[in-house]
Structure formats: C-alpha cells, structure tokens
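Residues 292 to 768 in the working numbering are what the sequence shown spells out, letter by letter.
Here the structure comes first, spelled out in structure tokens, and everything after it is commentary.
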Amino acid sequence: MKLNADSFSPNSSPSRLIPRRCFSLTLAGAAVAAAPRRTLISAGIVITMDRNRRILSDGAVLIENERIAAVGRRTELEREYPAATRLARPDGILIPGLINTHAHIPMALMRGVADDRRLQDWLENFIFPAEARNVTADFCYWGTLLGCLEMMLSGTTTYTDMYYFEEEVARATREAGLRAVLGQTVIGFPVADAKTPAAALARTESFFRQFASDPLVTPAVAPHALYTNSRETLTACRKLADQYRRPLIIHVSETRKENEDMMARHGKSPVATLAEWGIFDGPTIAAHVIWVDDADIRILAAKKVGIAHCPSSNMKLASGIAPVLRQRAAGISVGVGTDGPAGSNNDFHLIEEIDLAAKLAKVSAMDPRVLPAQTALEMATIEGAAVLGQADRIGSLESGKLADLVILQSQAAHLVPSFDPYSTVVYSSKAADVSDVYVHGEAVVRQGTPARLDTRRILAKAREYQKRITLSLSSKQ
C-alpha cells in the first residue's frame, strides 16, 4: 500500500482509533516492508555482456529484489551500499545466466535410451513408442525437476522447452526457481496429452491463460515441425500465438531427408513453405535450421526468426552443420541449445555447447578466426535472450534487468592461468565449475548445492522411472 499524508489525517476515523505512539510504529513497520532487499555480489572478474561488453576486475553486481540495480567496482558499490547483504567470490568469474534456446526437458528421464541412430529411426522406432508407453503428467513433472537440477548446477538460468503436459513442466520449473519459455507441443498424431491437434491447441490455450502473467514462465505454442503437422494446424498455431502475443517454437530443416521430403511435397524448402503460409509472421523460435540456402536465410532474417543452434545434437545425429556464420551475418539472432537427452544429446550442459559451437564453426569454415570465444558467449547470453524476445529483460548484467547470474569458481587446475576471461569461460570451464546461480534475484544454487530442490528425492524418482521405462521397452505391447 502506498503511504501518504491523507492515510494518517487526524480527521480520518481510523486515526482517532490509534494512539500517536502506534502511528510511529505503523509507519516504521511500513517503511521496513517497503525497503528493497539488497544483495551485493562481488567477484574477481565480472563479464557484463552489456552494450560495451565491459569486463570488470574486482567488480560487483547489486541486486534489489528481483532486478539488477548497479554494476561496477566492488569498492565503490560497497561504499555506496554498506547495508547490503554481501556474497564475495574473489576467485570467481561472474557472468550473466546462460540461456538454453532449445530443449525437451522432461526427456531427462529417457537419457540415452536410444543412441547412435539417425533422426527418423530414433524418433519413429524408439522415442515415439517409448513416449506412448511412458509419458504422463507425472513423468513430465519429475523429468523437468531432474532437468532443472542439472541445468541450474551447470549455469543455465533460462531455458526453452518443447514437450507435453507443459503445465506440469511449468509447475516444476517454478519449484526449481528457473526461468523458461515453455512450448506446448502440437503434432499430427495422438500423443500423451492430446489425441488430436485440435485438442493440443485447446490445451495450449488453457496453458496460456493459466500462466498469463507469471514472472518466470512464458508460455508458447510448439508445433513440432512442418513434416508432422498440416497447413491448417500450423496456421491455427500461429493464430493462437498472435491472439495471446506468445512465441511459436518449431523444428525447421533439421535433416537433409526432411528437406528433400518437404521439397518433394510442397515444391519449395521448409523455410519458404512456412513463410508462404504465414507461420513466421510473429515471434518465432526455429530449432536447428541446418539445411537452408541463402534464399532461406534472407527469409528468416526478414521475418526476424530467432534460431536455436544445437551443435551436440547436430553432430551426434549426423544431421549436418548449421550455417551459423551466414545466419548471423544476415542479422539473425542465433542462440545455443542442448536439445533433448534421450539420444540427440545426453546432457543439458550449455557451457559445453558454447565450446562446441565455436569449434564447429571454425572447422566448418576451416578458419580458426571465425566465431571467437566472445561471440560464442554472446550466443549463450545476450543473443540467446534476443532469440527468445527477451533481450530487454535478461542476457546481460545491466541496471534494470532481471537478476539472473552465474558465478564460476576459477581456481581449478584447468582454469589457471587465465589470460582472457572469454577464453577461460568458453574453452576451459566445465559445468562442475559453477558455484552460485541466481534467478530473478534469488539464489537457486549456493556453493554448488541446490537451494530449492531435494537432489536425493529427484534422483530416486528418476531411478524408479528408469525401471518402468526399461520394462516398457522390453514388453511386446
């Protein structure tokens, strides 16, 4: 409640009921309640990823409630805010929270269930049958908790999901304290949470309403792909996204076979087909985008489609090498994603994907100068935020932005010496180097330990699901 002079006017009836001494106590209590919660986090190195790409030695970030209030030298901020709670990591590297732009988080419970297969074989003969026998609301809830546990411990603060029962994914995400863009899947055959695309769209609309103003969860619609949905369904997805001003997430041109099949069916590339149908006419996150030519890239740039680059998945499934350099040169925002852990990748370690994104670009161009470490980190922070349409809220350490940040300890043997902070983070750091993680101004990891999640309970549940899934795959149902 906002306090003003009229609130305590001697002529108002409430004031005559309260003694003068109580006035002062009430005012003092209100002042305490209104005071911001301030935390001053300092580190030996602060990589801001702000517009000027400042790197501060002996720097600090001041958090007020859920937002960053100041970024600067530790000594100056300590002097200016002496009453702030302090977290000092003098040997640490402080960076913006990492942003995973494409994943299937509940599939953490199917980690490695079908490795070393081509995408269509993997999907049609293993994943789709396994999902049909195992995926429930409870599966998605516990799978998300497992995935969130892994992500937060490896420095991811925001992720993009594309799966089923997204209201359960959202519930688990909020319990974990992470930020997410969650896409309810729409696909052209019966799945765990919807027997028809129309039912999936109705579920999506309900999901939109349920999380209309959530501070951590951004709901989205996620038609699986062009090859798994009709034109009518895809158009309905775009219409629903536009109606609620939400993003649309879709797999695009992931494999050569997909591209060739769609060319034969529609007479043009998947990108050109989707553009002609108006599917890109609004905020869109396109995953993979490997098999595209210059004309496709021009379309994606003109439509301002954000791209999620998934280097581990693309290599593991031998899907191809995305033309990231040409995409970025055209002005497209390209983020980094892990994809799912059931065979297309086996972990959610975004810090590993940054390293691979840089190296894959170099070897594909046969030029070590392309996609340097700084650019790779940009893709996982401020550029990843742009892919999600949230660069004004997250992705860098700047005053006014939401306080999502990560501290890497830098005293392990593989991190010493450090001549270049970008090089250290991108080429040397590992997931296990993450010590502290803040999301929305709250610590979700403290000194390598989850602050909100019960690790033992989650892992025990994951092992229970492993037994169920193994039994289901061995049955002849």
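Backbone N, C-alpha and C fix where the C-beta goes; we use that ideal spot for every residue, glycine too.
These numbers were taken from a predicted model, which means no experiment stands behind them.
| query | Cα separation between Phe419 and Gly388? | reply | Translated into positions along the sequence shown, residue 419 becomes position 128. Translated into positions along the sequence shown, residue 388 becomes position 97. Using only the alpha carbons, I get a separation of about 33 Å.
| Is the stretch 393 to 408 in contact with the stretch 370 to 381, if contact means three or more CB pairs nearer than 8 Å? | no
| task | List the DSSP bridge partners of Tyr450. | result | As a working mapping, residue 450 is identified with position 159 in the sequence shown. Tyr450 pairs with Asn391 and Ala471.
| field | Cβ pair Ile645, Val627 closer than 8 Å | value | Translated into the one-based positions of the sequence shown, residue 645 becomes position 354. Translated into the one-based positions of the sequence shown, residue 627 becomes position 336. In this structure, Ile645 places its C-beta atom within 8 Å of the C-beta atom of Val627.
| message | According to DSSP, is Cys313 part of a helix, a strand, or is it coil? | response | As a working mapping, residue 313 is identified with position 22 in the sequence shown. Low confidence applies to Cys313: its pLDDT is 43, below 50, so where it sits in the model is not reliable enough to give any reading.
| In three-state terms, what does DSSP make of Arg759? | Along the sequence shown, read from residue 1 onward, the residue named residue 759 stands at position 468. Helix at Arg759.
| message | Taking the alpha carbon of Val512 as the reference point, which residue from Leu539, Ala489, Thr526 and Leu525 has its own alpha carbon closest? | response | Your numbering for residue 512 matches position 221 in the sequence shown. Ranking the options by Cα distance to Val512, first place goes to Leu539.
| message | Quick check: Ile390 and Gly686, are their CB atoms within less than 8 Å of each other? | response | Here residue 390 refers to the residue found at position 99 when the sequence shown is read from its first residue. Here residue 686 refers to the residue found at position 395 when the sequence shown is read from its first residue. The answer is yes: Cβ separation under 8 Å.
| Which residue comes first and which comes last in the alpha helix (DSSP H) that contains Pro602? | The residue you call residue 602 lines up with position 311 of the sequence shown. Run containing Pro602: Pro602 to Lys607, per the alpha helix (DSSP H) assignment.
| Would DSSP call Asp382 helix, strand or coil? | For this step, residue 382 is matched to residue 91 along the sequence shown. It is a strand residue.
| field | Buried or exposed (CB count within 10 angstroms, at least 16 for buried), Arg462 | value | In the sequence shown, residue 462 corresponds to position 171, counting from 1. Answer is buried; the Cβ neighbour count reaches 16.
| task | Please classify Leu764: does DSSP put it in a helix, a strand, or coil? | result | By 1-based counting over the sequence shown, the position of residue 764 is 473. Reduced to three states, the DSSP call for Leu764 is helix.
| First and last residue of the uninterrupted beta strand (DSSP E) at Gly350 | Stepping through the sequence shown from its first residue, residue 350 is reached at position 59. Ile346 to Glu355 is the span of the beta strand (DSSP E), which, as asked, contains Gly350.
| said: Would Ala467 and Leu444 qualify as a contact pair, given that the criterion is a beta-carbon distance under 8 Å? | reply: Translated into positions along the sequence shown, residue 467 becomes position 176. Translated into positions along the sequence shown, residue 444 becomes position 153. No.
| said: What does the alpha-carbon distance come out to for the pair Lys692 and Glu415? | reply: In the sequence shown, counting from the first residue as 1, residue 692 sits at position 401. In the sequence shown, counting from the first residue as 1, residue 415 sits at position 124. Rounded to whole angstroms, Lys692 to Glu415 spans 43 Å at the Cα level.
| query | Can the beta-carbon of His579 be found less than 8 Å from the beta-carbon of Val543? | reply | As a first step, residue 579 must be located in the sequence shown, where it is residue number 288. As a first step, residue 543 must be located in the sequence shown, where it is residue number 252. A contact, by the Cβ cut-off of 8 Å.
| Using CA coordinates, which residue listed in Met401, Arg522 and Arg345 is at the minimum distance from Leu770? | The structure shown has nothing for residue 770, since the chain only spans 292 to 768.
| Rounded to a whole number of angstroms, what is the C-alpha to C-alpha distance between Val735 and Asp727? | For the purposes of this step, residue 735 is identified with residue 444 of the sequence shown, where counting begins at 1. For the purposes of this step, residue 727 is identified with residue 436 of the sequence shown, where counting begins at 1. The straight-line gap from Cα to Cα measures roughly 8 Å.
| task | In the DSSP assignment, find the unbroken alpha helix (DSSP H) run with Asp727 in it and report its ends. | result | Along the sequence shown, read from residue 1 onward, the residue named residue 727 stands at position 436. That residue, Asp727, is in no alpha helix (DSSP H); its beta strand (DSSP E) goes Val725 to Val730.
| query | Near Leu531, what residues of its chain come up, given a Cβ to Cβ distance below 7 Å and the 5 sequence neighbours on each side ignored? | reply | For the purposes of this step, residue 531 is taken as residue 240 along the sequence shown, with counting starting at 1. Closer than 7 Å at the Cβ level, and outside the excluded window around Leu531, lie Leu492, Thr495, Glu496 and Val512.
| request: Please go through the same chain and pick out, in chain order, the residues whose beta-carbon is closer than 7 Å to the beta-carbon of Val472, but skip the five residues on each side of it. | output: As a first step, residue 472 must be located in the sequence shown, where it is residue number 181. Sequence-distant Cβ neighbours of Val472 in its own chain, meaning closer than 7 Å and more than five residues away, are Thr451, Thr509, Ala511, Pro538 and Leu679.
| task | Flag this pair as yes or no: are the beta carbons of Thr854 and Leu410 separated by less than 8 Å? | result | This structure does not reach residue 854, given that the chain is present from 292 up to 768, and the question cannot be answered.
| message | Please report the straight-line C-alpha distance between Ala326 and Gly732, rounded to a whole angstrom. | response | Locating residue 326 in the sequence shown gives position 35, where the first residue counts as 1. Locating residue 732 in the sequence shown gives position 441, where the first residue counts as 1. Cα-Cα distance, rounded: 15 Å.
| task | Check whether the stretch 661 to 673 touches the stretch 710 to 729, taking contact to mean three or more Cβ pairs, one atom from each stretch, closer than 8 Å. | result | yes
| Does the Cβ of Val460 have 16 or more other Cβ atoms within 10 Å, making it buried, or fewer, making it exposed? | The residue given as residue 460 occupies position 169 in the sequence shown. By the 10 Å Cβ count, Val460 comes out buried.
| Reduced DSSP secondary structure (H/G/I, E/B, other) of Arg365 | As a first step, residue 365 is located in the sequence shown; it is residue number 74 there, counting from the start. Note: Arg365 maps to helix in three-state DSSP.
| query | Do you know offhand how far Ala722's Cα is from Gln700's? | reply | For this step, residue 722 is matched to residue 431 along the sequence shown. For this step, residue 700 is matched to residue 409 along the sequence shown. Annotation: Ala722 to Gln700 spans about 11 Å, alpha carbon to alpha carbon.
| request: Using only alpha-carbon positions, find the residue among Arg684, Thr447, Arg328 and Met657 that is nearest to Pro373. | output: Translated into the one-based positions of the sequence shown, residue 373 becomes position 82. Looking at the Cα atoms, Arg328 is the closest of the given residues.
| request: Give the DSSP bridge partners of Ser333, in chain order. | output: For the purposes of this step, residue 333 is taken as residue 42 along the sequence shown, with counting starting at 1. Answer is Ala351 and Ala379.
| query | If you drop the 5 nearest sequence neighbours on each side, which residues of the same chain put their C-beta closer than 6 Å to that of Ala485? | reply | In the sequence shown, residue 485 corresponds to position 194, counting from 1. Ala491 and Arg494, listed in sequence order.
| query | How would you write the range of the beta strand (DSSP E) that Ala493 sits in, first residue to last? | reply | Reading the sequence shown from its first residue, position 202 is the one you call residue 493. Element bounds for Ala493: not the beta strand (DSSP E) but the alpha helix (DSSP H), Pro488 to Gln501.
| DSSP-derived helix/strand/coil call for Val323 | In the sequence shown, the residue the question calls residue 323 occupies position 32. For Val323, the pLDDT reaches just 49, beneath the cut-off of 50, and the residue's location in the model is therefore unreliable, although a value from the coordinates is still provided. Residue state, collapsed to three classes: helix.
| message | To the nearest angstrom, how far is the alpha carbon of Leu608 from that of Glu367? | response | Position 317 of the sequence shown, counted from the start, is the residue given in the question as residue 608. Position 76 of the sequence shown, counted from the start, is the residue given in the question as residue 367. C-alpha separation (whole angstroms): 50 Å.
| query | What is the rounded straight-line gap between the Cα of Thr476 and the Cα of Asp406? | reply | Locating residue 476 in the sequence shown gives position 185, where the first residue counts as 1. Locating residue 406 in the sequence shown gives position 115, where the first residue counts as 1. Using only the alpha carbons, I get a separation of about 23 Å.
| said: Suppose only complete runs of 3+ residues qualify. What are the beta strand (DSSP E) ranges in the stretch 505 to 569, listed by chain order? | reply: Secondary structure within the stretch 505 to 569: the beta strand (DSSP E) runs of 3 or more consecutive residues, fully enclosed, are 508 to 514 and 539 to 543 (chain order).
| task | Whole angstroms is fine: what's the gap from Asp584's alpha carbon to Asn550's? | result | Counting from 1 along the sequence shown, the entry for residue 584 is found at position 293. Counting from 1 along the sequence shown, the entry for residue 550 is found at position 259. For Asp584 and Asn550, the distance between alpha carbons rounds to 11 Å.
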